[in-house]
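Comments concern the structure below.
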Amino acid sequence: MAPRGRRKCPFPSRRFPGLLLAALVLLLSSFSDACEEPPTFEAMELVGKPKPYYEIGERVDYKGKKGYFYIPPLATHTICDRNHTWLPVSDDACYRETCPYLGDPLNGQAILANGTYEFGYQIHFICNEGYYLIGKEILYCELKGSVAIWSGKPPICEKVLCTPPPKIKNGKHTFSEVEVFEYLDAVTYSCDPAPGPDPFALIGESTIYCGDNSVWSHAAPECKVVKCRFPVVKNGKQISGFGKKFYYKATVMFECDKGFYLTGSDTIVCDSNSTWDPPVPKCLKGPRPTYKPPVSNYPGYPKPEEGILDSLDVWVIALIVIAIGKQMVELNMPLTRLHQPLQQSREAEWIPQPGLPVHLLTLLKSSIVVILWFHSHKCNCGLTNFPMWFECR
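Under the UniProt record's numbering, read the sequence shown as residues 1 to 393, first letter to last.
Here it is as structure tokens:
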């Protein structure tokens, strides 16, 4: 008897789709029971490589990023919960690295720009009055490797000191024996007695002081003889500042005799160059002239603006006259600046008023219409629409 052969499945193609469907169901069920990638943070990063999904109960750990460090007891891990979400974890578990503490410099202040020593921020230094800064005014907290350090050494505040002020000819200053002057130390200059009849005058600031940046507040003064000539005003007289000699800063006032008027300033001062400032005035005969404002060439209208054809001395007006009898006369004529109003042979008026004086010898007696074209320089007189139409009524 021949051996019995194995029976083949009559429907082999039906088993494979079933297996594929079962695998898909298992895969979907595994994804539905998992968490997606864990959250990301500014200060922390994931330990290891992330996976596309995590099973329930699976734990992931974090560590501080470069420049951040962990501060217990806050947790730095999270777990995939049963509801397919990650348990809460705080980014505050890691803090920025901080630079070493920098206190106020002696005779100065250190000011944190953002109130913190964390890397990425800066600190400013200022000195008290009477001191100046040596070093950098601003330092930056920078990250070098995993350590935060300052960008330079902290500055110091040094006392403002001045060298002795200059000596002057024919004079001296106080504290001449002092070699170093501190901030706001002052000296006063004075002039020596003059060898002649006229005294020396001190020109400039008599007292100067040691100021910021180790510089004296003013230049040193000078001592010299200043004497102005006796001021004489013809047809006038001196009314104050009388004297036989006029030295530095002497002040004199004048007035004119009756029938004369004064030109210039009535008060003059003897300046450092031994001259009167302003110059000695004059008295001229006659009444004082009164000021008359210039008469406008365009009364009632704004002043014309500059035009392109400023070199022309005439107004260019084109008149097109249309008569009732269908007669047409075209006139192109240059008109000078006449002061007579627009004339015609019968009593009538232009509507609206042209506003500018023009002149025609004759016009038609019938009703006419005139078109006026004005040179832009000559007729910027409140008229904004060109050409303008005027009707004779």
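Every residue, glycine too, gets a C-beta built ideally from N, C-alpha and C.
As the structure is a computational prediction, the values presented were derived from the model and not from experiment.
| Check | Outcome |
| --- | --- |
| Among PRO281, PHE260, PRO279, the one whose alpha carbon lies nearest that of ARG288 | PHE260 |
| Pairwise C-alpha distance: GLY135 and LYS167 | 33 Å |
| Other residues of its chain near PHE175: CB distance less than 8 Å, five sequence neighbours each side excluded | PHE181, ASP185, VAL187 |
| Uninterrupted beta strand (DSSP E) stretches inside the segment 204 to 264 (no shorter than 3 residues) | 207 to 209, 222 to 224, 236 to 240, 251 to 256, 260 to 263 |
| Cα-Cα separation, LYS249 to PRO165 | 26 Å |
| Where ALA93 falls: helix, strand or coil (DSSP) | helix |
| Close beta carbons around SER151, own chain, < 7 Å, minus the five adjacent residues each side | LEU139, TYR140, GLU142 |
| Closest residue to GLY211 among VAL225, LEU161, GLU177 (Cα-Cα distance) | LEU161 |
| Residue range of the beta strand (DSSP E) that includes ASP271 | Unbroken run through ASP271: none, as it is neither H nor E. |
| Reduced DSSP category for SER151 - H, G, I as helix; E, B as strand; rest coil | coil |
| Burial state of TYR101, where buried means 16 or more other Cβ atoms lie within 10 Å | exposed |
| SER176 in three-state terms, based on DSSP | coil |
| Contact test: TRP216 Cβ vs the ligand GDP heavy atom, cutoff 8 Å | Judged by which ligands are present, the structure shown has none, so any question about the ligand GDP falls away. |
| Whole-angstrom distance between ASP198 and LYS224, CA atom to CA atom | 10 Å |
| Separation of PRO38 from ILE123, as counted between CA atoms | 37 Å |
| Between the CA atoms of ILE56 and ALA2 - distance to the nearest angstrom | Confidence at ALA2 is low in this model, with a pLDDT of 46, below 50, so its placement is unreliable and the value that follows should be read with caution. Each residue's alpha carbon lies about 58 Å from the other. |
| Cβ neighbours of ASP271 in the same chain (closer than 6 Å, five flanking residues each side left out) | ASP277 |
| Cα-Cα separation, GLY264 to VAL232 | 14 Å |
| Where ILE71 falls: helix, strand or coil (DSSP) | coil |
| Cβ-based burial, LEU202 [other Cβ within 10 Å; buried from 16] | buried |
| Extent of the continuous beta strand (DSSP E) run through ILE56 | Element bounds for ILE56: n/a, residue is neither H nor E. |
| THR290 and VAL269 closer than 9 Å at C-beta | no |
| Delimiting residues of the beta strand (DSSP E) encompassing HIS77 | 77 to 79 |
| Residue(s) in a DSSP beta bridge with TYR131 | LYS159 |
| Residue span of the beta strand (DSSP E) that contains LEU284, given as start and end | 282 to 285 |
| Whole-Å CB distance - CYS157 paired with TYR183, under 8 Å assumed | At roughly 12 Å, the Cβ-Cβ gap does not stay under 8 Å, so CYS157 and TYR183 are not in contact. |
| Candidates ARG59, TYR54, LEU74, of which the one nearest ASP33 by Cα | TYR54 |
| Reduced DSSP secondary structure (H/G/I, E/B, other) of PHE200 | coil |
| Separation of GLU222 from CYS283, as counted between CA atoms | 36 Å |
| For THR290, the three-state DSSP class (helix, strand or coil) | coil |
| Spatially closest choice to PHE69 from THR98, LEU46, HIS84, by CA coordinates | THR98 |
| Among VAL89, GLY67, ASN83, HIS84, nearest to HIS77 - alpha-carbon criterion | VAL89 |
| Assigned secondary structure, TYR62 (DSSP; H/G/I helix, E/B strand, else coil) | strand |
| Any chain E beta carbon closer than 9 Å to THR251 | Checking the listed chains, one finds no chain E in this structure; it contains a single protein chain. |
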